[in-house]
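Taken in sequence, the protein lines are chains A and B. Going by UniProt numbering, the residue at position 65 of the first sequence is 65; the numbering climbs one at a time, nothing skipped. Going by UniProt numbering, the residue at position 256 of the second sequence is 256; the numbering climbs one at a time, nothing skipped.
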Amino acid sequence: MPAKRHAASTASAPAPSTPVTLSSGPATLKSNSSVVDIATHVWQQYISNTPQRTLLLDAFMAFLVLVGGLQFLYCVLAGNYPFNAFLSGFSAAVGQFVLTASLRMQTSESSSAASKPSSKGKNARFADEETEGGISPERAFADYIFGSLILHFFCINFIN
Amino acid sequence: MAKSSLDLLLKGSSGQNTRGLLRIVILLTIAAAAVASRLFSVIRFESIIHEFDPWFNFRATKYLVENGFYSFWDWFDDRTWHPLGRVTGGTLYPGLMVTSGVIYHILRFLTIPVDIRNVCVLLAPGFSGLTALAMYLLTCEMSTSPSAGLLAAAFMGITPGYISRSVAGSYDNEAIAIFLLVFTFYLWIKAVKNGSIMWGALAALFYGYMVSAWGGYVFITNLIPLHVFVLLCMGRYSSRTYIAYTTWYALGTLGSMQIPFVGFLPIRNSDHMAALGVFGLLQLVAFAEFVRGFLPGKQFQKLLTSMVLLTFGLGFAGLVLLTVSGVIAPWSGRFYSLWDTGYAKIHIPIIASVSEHQPTAWPAFFFDLNFLIWLFPAGVFLCFQKLKDEHVFVIIYAVLSSYFAGVMVRLMLTLTPVVCVAAALALSAVLDHFLVLSKPSPESQAKANAVDAKSYQGMKSPIVGIYSHFSKAFVSGSMTLYLLIFVAHCTWVTSNAYSSPSVVLASRAPDGSQMIIDDYREAYYWLRQNTPDNAKIMSWWDYGYQIGGMADRPTLVDNNTWNNTHIATVGKAMSSREEVSYPILRQHDVDYVLVVFGGLLGYSGDDLNKFLWMVRIAEGIWPDEVKERDFFTARGEYRVDEEATPTMKNSLMYKMSYYNYQSLFPSGQAVDRVRGVRLPAESPQLNTLEEAFTSENWIIRIFKVKDLDNLGREHSNAVAFDKGLKRKRASKERALAF
Numbered sequence: 001m002p003a004k005r006h007a008a009s010t011a012s013a014p015a016p017s018t019p020v021t022l023s024s025g026p027a028t029l030k031s032n033s034s035v036v037d038i039a040t041h042v043w044q045q046y047i048s049n050t051p052q053r054t055l056l057l058d059a060f061m062a063f064l065v066l067v068g069g070l071q072f073l074y075c076v077l078a079g080n081y082p083f084n085a086f087l088s089g090f091s092a093a094v095g096q097f098v099l100t101a102s103l104r105m106q107t108s109e110s111s112s113a114a115s116k117p118s119s120k121g122k123n124a125r126f127a128d129e130e131t132e133g134g135i136s137p138e139r140a141f142a143d144y145i146f147g148s149l150i151l152h153f154f155c156i157n158f159i160n
Numbered sequence: 001m002a003k004s005s006l007d008l009l010l011k012g013s014s015g016q017n018t019r020g021l022l023r024i025v026i027l028l029t030i031a032a033a034a035v036a037s038r039l040f041s042v043i044r045f046e047s048i049i050h051e052f053d054p055w056f057n058f059r060a061t062k063y064l065v066e067n068g069f070y071s072f073w074d075w076f077d078d079r080t081w082h083p084l085g086r087v088t089g090g091t092l093y094p095g096l097m098v099t100s101g102v103i104y105h106i107l108r109f110l111t112i113p114v115d116i117r118n119v120c121v122l123l124a125p126g127f128s129g130l131t132a133l134a135m136y137l138l139t140c141e142m143s144t145s146p147s148a149g150l151l152a153a154a155f156m157g158i159t160p161g162y163i164s165r166s167v168a169g170s171y172d173n174e175a176i177a178i179f180l181l182v183f184t185f186y187l188w189i190k191a192v193k194n195g196s197i198m199w200g201a202l203a204a205l206f207y208g209y210m211v212s213a214w215g216g217y218v219f220i221t222n223l224i225p226l227h228v229f230v231l232l233c234m235g236r237y238s239s240r241t242y243i244a245y246t247t248w249y250a251l252g253t254l255g256s257m258q259i260p261f262v263g264f265l266p267i268r269n270s271d272h273m274a275a276l277g278v279f280g281l282l283q284l285v286a287f288a289e290f291v292r293g294f295l296p297g298k299q300f301q302k303l304l305t306s307m308v309l310l311t312f313g314l315g316f317a318g319l320v321l322l323t324v325s326g327v328i329a330p331w332s333g334r335f336y337s338l339w340d341t342g343y344a345k346i347h348i349p350i351i352a353s354v355s356e357h358q359p360t361a362w363p364a365f366f367f368d369l370n371f372l373i374w375l376f377p378a379g380v381f382l383c384f385q386k387l388k389d390e391h392v393f394v395i396i397y398a399v400l401s402s403y404f405a406g407v408m409v410r411l412m413l414t415l416t417p418v419v420c421v422a423a424a425l426a427l428s429a430v431l432d433h434f435l436v437l438s439k440p441s442p443e444s445q446a447k448a449n450a451v452d453a454k455s456y457q458g459m460k461s462p463i464v465g466i467y468s469h470f471s472k473a474f475v476s477g478s479m480t481l482y483l484l485i486f487v488a489h490c491t492w493v494t495s496n497a498y499s500s501p502s503v504v505l506a507s508r509a510p511d512g513s514q515m516i517i518d519d520y521r522e523a524y525y526w527l528r529q530n531t532p533d534n535a536k537i538m539s540w541w542d543y544g545y546q547i548g549g550m551a552d553r554p555t556l557v558d559n560n561t562w563n564n565t566h567i568a569t570v571g572k573a574m575s576s577r578e579e580v581s582y583p584i585l586r587q588h589d590v591d592y593v594l595v596v597f598g599g600l601l602g603y604s605g606d607d608l609n610k611f612l613w614m615v616r617i618a619e620g621i622w623p624d625e626v627k628e629r630d631f632f633t634a635r636g637e638y639r640v641d642e643e644a645t646p647t648m649k650n651s652l653m654y655k656m657s658y659y660n661y662q663s664l665f666p667s668g669q670a671v672d673r674v675r676g677v678r679l680p681a682e683s684p685q686l687n688t689l690e691e692a693f694t695s696e697n698w699i700i701r702i703f704k705v706k707d708l709d710n711l712g713r714e715h716s717n718a719v720a721f722d723k724g725l726k727r728k729r730a731s732k733e734r735a736l737a738f
């Protein structure tokens, strides 16, 4: 619901600006104040709309980003001597992040698909097929564990 | 009666079971046919490993089976590349050897006493059966028609383009790699369709297996990201794509890094950067999509595209920057030769010298694929009509691999699977339209319309179908004819072109009886029996693996052409005068020199015909000492007869090839049957080598390197002195007799 209200209020300006972190071209075209506004708005929406479980997943993902970033920083600052170890540590973080993101998509899709069908836009046609072959949360979690097991097996094998 | 019972069998739920059963039976038959058609060489000759590379794989497999996995992993081979040795365990793709080792141990465990050689010989046919099954699965993902999968499996089973690399005995990486390629693609398509982590992880696992088996994995590494990238550009991003790709990339890259030979390549080498770039891009897109969930806006699509383009541009610029500054290894030479066919010829003669790296001749496409090649565009067109995610994949695959197959003969192998898929799609569409015999009743028409409307969005005409018996019979009849011709062609090609072991040659005597020419094995066995265990054999690199495998003697260079300088050294020794060559031979501890000479038999793949490549490769390292121009006559001809240039006549290779050859013929009538010329009357003289062995048909000649002279003379002087002495003695005796 709030999404729609927002869209009505700010009309054209906002959409591009949010990925400010990407420093993409269009962001510079907009006035700065609105960017901040929108960012805070998105954040509030996110906090209020996301279910508890998904929030937990997101916290885990943020943690993984932190861990990966720390390792990368260490690699840049202190040298990459045990390169195998760095690689496996870093790719464990990245891989786990990606897997968690996948799990998040799979689990939150079924609940959110009903609430915001309009946002799908062009992809609506494919969304139909998606729900047909949809994946239950249990199956998604089992897949997640399967993927993580393989990931960590490789990492431990690679770490030397 | 019969008809009604058939109806009972083929319709309803029991019909479904019957059809399932039939399908399994057909698939098994196809697999059996695929295996059987590859056994020509075993039946005609014997269970023997073919060609060159397979001999190394065979030797490595034996080592693995005898010494266990860990020592195989750490194998340092001091019997190849003589003074240098080779870290074999870290420089090979172990997938093939490990696979056959595992099969061997399983069979042993089941108390089936089988020789490792037979496992190796029959591995390729066995896996080709599996490839046919994988092909069925892949094509079934593409089409709703049940016949497409079966047709594709049948095509894949017997098409010569694939048989060329998988006959019994050609124990090469491609033997299992094509199965893995097809199966990885199947799992990838499954992953994209379902958006499940499991399929993505399975695809990554098989991708890892593929990496361990064949260097051609780079093809997958680039094809899948390209597929995703095209999907993104078409505005088809979905969470399924994200899940499938990121899972595949994260796990697959880690998996590929487990292979010591690949190591850090996936993050260092430009060949792999596209995958990394798309991975990053997908993260951005996913994030943008996530944000869009909160902010629906009309400009979003525009923003997305601009962001995609921007990141792509930035990524590309960064890639170029990193490549230039040397952080990422530049593209490998083979890769360049893919884009610029002239590249290898100018810069890397060693790559250009391999016949399978040459551009493909046009007839080869028809020879290898027969009528599939003209069904192929039709199939691609059908893919455009449906254009779901998986069809996009087929189209990209088709475009890329047709280009690559045109550039390199060897890559015909990667083209074959997609040709089979596309041709099967086209043919099954034709058959589906022409084979249904009865006019559909109104209700089924309505049903068919519904189906049609779903599958062909472009076609709005309500009733599509051909009901005239004549056209039906004509089209399906001609298609059947083409299929039959295809089978005949495949069998003919397989039996005539691809089933020769090339270690054992066959020819026909004038009366039609078969003659087996077994000079290679004769010579290698001679080496094994008559030389000390560590006698170093020098030969051109083509024969390195065979000498290692069959004669079990150390070699200077072999088919793993990792050290160009070393090969050039051998080339220099072969193409220089004896006075230059002898120190080189001494420095490299060479005991025997082996040359292949086809002049007597008319065997065209001999060393004199490859000689120019030796010269070129040597010239690449020592441009001052070896000059290609000197081997051509003033009129630019490559001659070996009376008019050959002095450089040619004095080269070690020429001397070894024709040494004593004239003695076979009446004086002045020696003829070289390969090059079809008359040779000079007197035999070339060898001072520093002596003939040790010549095989029955003179195909292989082995020369022993003389030790330094006891009296410290030059070899030429010593030889002259020997001759002089004899003459003197003879004259003395004559004098005495008088």
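The C-beta atom is built at its ideal place from N, Cα and C for all residues, glycine as well.
What does residue i reach in chain B if we use C-beta pairs closer than 9 Å?
i, result
"residue 162 of chain A", "Given that chain A is displayed from residue 1 to residue 160, the structure contains no residue 162 of chain A and the question cannot be resolved."
What residues match up with residue i in a beta bridge as DSSP calls it?
i, result
"B/PHE703", "B/VAL593 and B/GLU691"
"B/THR555", "B/ILE537"
"B/SER507", "B/MET515"
"B/VAL418", "The partner list for B/VAL418 (beta bridge, DSSP) is empty, contrary to what the question assumes."
"B/VAL671", "B/ARG678"
"B/ARG86", "B/ASP77"
Run down chain B in chain order and give the residues with a C-beta less than 7 Å from the C-beta of residue i.
i, result
"A/ASP143", "SER196, ILE197 and MET198"
Within its chain, find whatever has a CB closer than 8 Å to the CB of residue i; leave out the 5 residues flanking it on each side and keep chain order.
i, result
"B/PHE721", "ARG713"
"B/TYR186", "ALA134, LEU137, LEU138 and GLU141"
"B/GLY89", "PHE72, TRP73, ASP74, TRP75, PHE76 and PRO260"
"B/MET653", "MET574, SER575, VAL595, ASP607, LEU608, PHE611 and MET614"
"B/HIS566", "TRP81, LEU84, LEU556 and VAL557"
"B/HIS715", "GLU578, TYR582, ASN687, THR688, LYS706 and ASP709"
"B/ARG508", "GLN514 and MET515"
Run through chain B and tell me which residues come within less than 8 Å of residue i, C-beta to C-beta.
i, result
"A/LEU57", "In chain order: nothing, as chain B lies at least about 13 Å away."
"A/ILE135", "ASN194, GLY195 and SER196"
If the cut is a Cβ gap below 8 Å, which residues of chain A does residue i touch?
i, result
"B/LEU251", "GLY95, GLY147, ILE150, LEU151 and PHE154"
"B/LEU254", "SER88, SER91, GLY95, LEU151, PHE154, CYS155 and PHE158"
"B/ALA201", "ASP143, PHE146, GLY147 and ILE150"
"residue 744 of chain B", "Nothing about residue 744 of chain B can be read from this structure; chain B reaches only from 1 to 738."
Residue i versus chain A: which residues are under 9 Å apart at the beta carbon?
i, result
"B/TYR242", "VAL98, ALA101, SER102 and MET105"
"B/GLN385", "Simply none; closest approach about 16 Å."
"B/ALA286", "ALA101 and MET105"
"B/LEU205", "ILE150"
Excluding the 5 residues flanking residue i on each side, which residues of the same chain have their C-beta closer than 7 Å to its C-beta?
i, result
"B/ALA423", "PHE155, LEU372, LEU375, PHE376 and GLY379"
"B/PHE229", "VAL278"
"B/ILE197", "ILE243 and THR247"
"B/PHE52", "ASP542, TYR545, GLN546 and ASN559"
"B/ASP672", "GLY599, VAL640 and LEU679"
Is it buried or exposed, residue i, if we count other Cβ atoms within 10 angstroms and call 16 or more buried?
i, result
"A/PHE154", "buried"
"B/TRP540", "buried"
"B/MET538", "buried"
"A/LEU56", "exposed"
"B/ASN173", "buried"
Using C-beta distances below 6 Å, list every residue in its chain close to residue i, excluding the 5 sequence neighbours before and after it, in chain order.
i, result
"B/ALA274", "ASN222 and PRO225"
"A/ALA92", "CYS155"
At a CB-CB cut-off below 7 Å, which residues of chain A make contact with residue i?
i, result
"B/LEU711", "Those do not exist, as B/LEU711 stays about 59 Å from chain A at its closest Cβ, beyond 7 Å."
Using a Cβ-Cβ cut-off of less than 8 Å, give me the residues of the region 143 to 168 of chain B that come near chain A, in sequence order. none
Return the residues of the region 255 to 266 of chain B that lie within a Cβ-Cβ distance of less than 8 Å from chain A, sorted by chain order. GLY255, MET257, GLN258 and PHE264
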